[in-house]
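Asker: Take this structure first; my questions come after.
There are 2 protein chains.
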Amino acid sequence: MDKMVTSREELTRRLAAFEEKCRRRGLRVTNQRREIFKTVASSRQHPSAEAVFLAVRQKMPRVSLDTVYRTLASLEKMDLLIRVGTPEKERFDGDLRPHAHFICTNCAEVYDIFPPEVSYENPTTLACGKVKYVHVQFKGICKRCQS
Amino acid sequence: MDKMVTSREELTRRLAAFEEKCRRRGLRVTNQRREIFKTVASSRQHPSAEAVFLAVRQKMPRVSLDTVYRTLASLEKMDLLIRVGTPEKERFDGDLRPHAHFICTNCAEVYDIFPPEVSYENPTTLACGKVKYVHVQFKGICKRCQS
DNA sequence: ACTTAAGTAAGAAATATTCCGGATAATCGT
DNA sequence: ACGATTATCCGGAATATTTCTTACTTAAGT
């Protein structure tokens with residue numbers, strides 16, 4: 033899908049966190065889960081479920097699409113990745129450092145924006161419920177679509 | 033769907049803006065469009081396309097779901113409403129004043145948060161493209177789902 | 001080695017959204 | 001005001017995405 037953009041050490045650290053969280057929840061650390069997580073964690077392309085499936089199939093040709101969907105959902109529950117809603121479909125982000133997204137409403141491309149510009153928990157949000165993430169999405173037309 | 037929460041004068045003003053924008057783009061001001069816009073503009077429930085459809089059908093039983101989808105899309109293009117992505121489906125908001133949303137990842141309910149806490153356009157976002165909106169979404173579990 | 005969660009396959013279902021061909025009605029020119 | 005033009009609507013069908021079902025196989029954790 034794309035070349036590795038996360039440093040080897042960072043990836044190792046994330047994989048360790050993944051295994052630890054699985055164990056704490058009593059979920060088995062299967063090769064499929066590890067591979068699916070690694071794919072999202074080592075990419076900055078905000079892949080869709082379909083893209084993850086295609087990438088994982090390179091190494092594990094017998095993996096099923098259903099497994100990818102189920103695993104992405106469980107990884108999200110374990111707070112190992114976040115879901116980014118685009119005009120077209122769901123995309124996933126394994127980078128949990130706080131940052132914002134620019135989402136093109138035309139081509140659905142997702143761009144990362146560092147650093148974040150938001151204040152996090154505050155009295156008003158606390159009144160609503162327990163905040164897990166703050167998604168800051170700048171929606172508009174990206175440079176590529178403008179030309 | 034829900035009782036009118038926007039003042040009569042405000043709604044009249046928004047309807048006038050709606051007609052004016054339609055005319056400027058050469059779009060016909062049909063009863064269906066007016067009713068669909070009015071439904072979203074007079075609600076603070078962030079209705080889904082389906083919810084808008086059900087509400088509009090009370091007054092216009094023959095309206096089709098397709099018309100609702102097409103109309104919501106065109107209203108979005110005209111900057112008359114914004115789209116809020118939830119874990120389950122798209123929801124719409126006729127309130128264009130800058131504000132943030134708390135979205136429950138469990139029940140997909142959308143809560144308004146005033147005032148906004150975000151800085152808007154900045155050098156980083158400008159590098160990506162032309163920003164039309166900034167969606168600030170606080171994702172988490174709402175009070176109701178916690179209990 | 002045993003137990004059992006998890007994965008596979010193939011199909012079907014559920015859901016959301018969009019497309020199509022023909023009918024209707026809003027706007028425009030006269 | 002009237003008919004022509006053409007956007008818009010309608011109902012139903014199609015598509016796309018995601019999830020579920022069943023029965024069987026694999027392999028993780030003890």
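Those protein sequences? They're chains A and G, same order as listed. According to our numbering, the first sequence holds residues 33 to 179 in order. According to our numbering, the second sequence holds residues 33 to 179 in order. Idealized CB from N, CA, C, for every residue including glycine.
#1: Chain G partners of Phe134(A), CB-CB under 8 Å?
#2: On the criterion of 16 or more Cβ atoms from any shown chain inside 10 Å, does Phe69(A) qualify as buried, or is it exposed?
#3: With 8 Å as the threshold, decide whether the Cβ of Val72(A) is near any Cβ in chain G.
#4: How about Tyr101(A): is its C-beta nearer than 8 Å to some C-beta of chain G?
#5: Which residues in chain G have a C-beta closer than 8 Å to the C-beta of Gln180(A)? List them in chain order.
#6: Just checking my contact of Lys175(G) with Gly161(A) at CB under 8 Å: how many whole Å lie between their CB atoms?
#7: Give a yes or no on whether 8 Å exceeds the smallest Cβ distance from Val168(G) to chain A.
#8: Please classify Lys91(A) as buried or exposed, where buried requires at least 16 neighbouring CB atoms within 10 angstroms.
#9: Could you tell me whether the region 123 to 131 of chain G touches the region 103 to 114 of chain G, where touching means 3 or more Cβ pairs closer than 8 Å?
#10: Could you tell me which of Phe170(A), Lys164(A), His133(A) and Thr156(A) sits nearest to Arg76(A), measuring between CA atoms?
#11: Buried or exposed for His41(A), going by 16 or more other Cβ atoms inside 10 Å?
#12: Sorted by chain position, which residues of the same chain lie with C-beta nearer than 7 Å to Lys171(A)'s C-beta, five sequence neighbours on each side aside?
#13: Of all the options Ala49(G), Ser74(G) and Asn63(G), which has the alpha carbon lying nearest to the alpha carbon of Asp111(G)?
#14: If you draw a straight line from the alpha carbon of Val61(A) to that of Tyr165(A), how long is it in whole angstroms?
#15: Taking C-alpha atoms, which residue in Leu97(A), Pro155(A) and Pro79(A) lies nearest to Val142(A)?
#16: In the DSSP assignment, the beta strand (DSSP E) including Ser136(A) goes from what residue to what residue?
#17: What would DSSP say about Phe146(A), mapped onto helix, strand or coil?
#18: Taking the DSSP output, what are the residues bridged to Val166(A)?
#19: At what residues does the alpha helix (DSSP H) containing Asp98(A) begin and finish?
#20: Please tell me whether Ile114(G) and Leu128(G) are closer than 8 Å, where the distance is taken between their beta carbons.
#21: Fully enclosed by the region 57 to 101 of chain A, which alpha helix (DSSP H) runs are 4 residues long or longer?
#22: Of all the options Pro93(A), Thr99(A) and Gln169(A), which has the alpha carbon lying nearest to the alpha carbon of Arg65(A)?
#23: May I have the straight-line CA-CA distance separating Ile145(A) from Arg94(G), to the nearest angstrom?
#24: Relative to the alpha-carbon of Gly117(G), which residue among Ile173(A), Val168(A) and Asn63(A) has its alpha-carbon at the smallest distance?
#25: Using 8 Å for Cβ pairs, my map puts Thr71(A) next to Ala87(A). What's the rounded Cβ distance?
#26: Does the Cβ of Pro130(G) lie closer than 7 Å to at least one heavy atom of the ligand ZN?
#27: Helix, strand or coil for Glu52(A)? Go by DSSP, reduced to three states.
Answerer: Concretely, from the data shown:
#1: Within chain G, the residues Thr157, Cys160, Gly161 and Val163 have their CB atoms less than 8 Å from the CB of Phe134(A), given in chain order.
#2: So Phe69(A) ends up on the buried side.
#3: No, no contact with chain G.
#4: Not closer than 8 Å to any Cβ of chain G, the Cβ of Tyr101(A) fails to qualify, so no.
#5: A question about residue 180(A) goes unanswered here, because the residues of chain A that appear run from 33 up to 179.
#6: At roughly 5 Å, the Cβ-Cβ gap stays under 8 Å, so Lys175(G) and Gly161(A) are in contact.
#7: At a cut-off of 8 Å between beta carbons, Val168(G) contacts chain A.
#8: Result: exposed.
#9: As far as the Cβ criterion goes, the region 123 to 131 of chain G touches the region 103 to 114 of chain G, which means the pair count is three or higher.
#10: Among Phe170(A), Lys164(A), His133(A) and Thr156(A), the Cα nearest to that of Arg76(A) is on His133(A).
#11: The sequence as given places Glu at residue 41(A); His does not occur at that position. With fewer than 16 Cβ atoms within 10 Å of its Cβ, Glu41(A) is classed as exposed.
#12: The residues are Ile135 and Thr137.
#13: Comparing Cα-Cα distances from Asp111(G) to each of Ala49(G), Ser74(G) and Asn63(G), the minimum goes to Ala49(G).
#14: Rounded to whole angstroms, Val61(A) to Tyr165(A) spans 25 Å at the Cα level.
#15: Pro79(A) is the residue among Leu97(A), Pro155(A) and Pro79(A) whose C-alpha sits nearest the C-alpha of Val142(A).
#16: The residue you asked about is not Ser; residue 136(A) is Cys in the sequence shown. Per DSSP, Cys136(A) belongs to the beta strand (DSSP E) from Ala132 to Cys136.
#17: Residue state, collapsed to three classes: coil.
#18: In the DSSP assignment, Val166(A) forms a beta bridge with Phe170(G).
#19: Note, Asp98(A): alpha helix (DSSP H), Leu97 to Lys109.
#20: Taking C-beta atoms as the reference points, Ile114(G) and Leu128(G) count as a pair closer than 8 Å.
#21: For the region 57 to 101 of chain A, whole alpha helix (DSSP H) runs of length 4 or above, ordered along the chain, are 63 to 73 and 81 to 91.
#22: When each option's Cα is compared against that of Arg65(A), the closest is Thr99(A).
#23: Taking the straight line joining both Cα atoms gives about 45 Å.
#24: In terms of Cα proximity to Gly117(G), the closest of Ile173(A), Val168(A) and Asn63(A) is Val168(A).
#25: In this structure Thr71(A) is in contact with Ala87(A), their Cβ atoms being roughly 5 Å apart against a cut-off of 8 Å.
#26: The ligand ZN is absent from the structure shown, which contains no ligand whatsoever.
#27: Helix, per DSSP.
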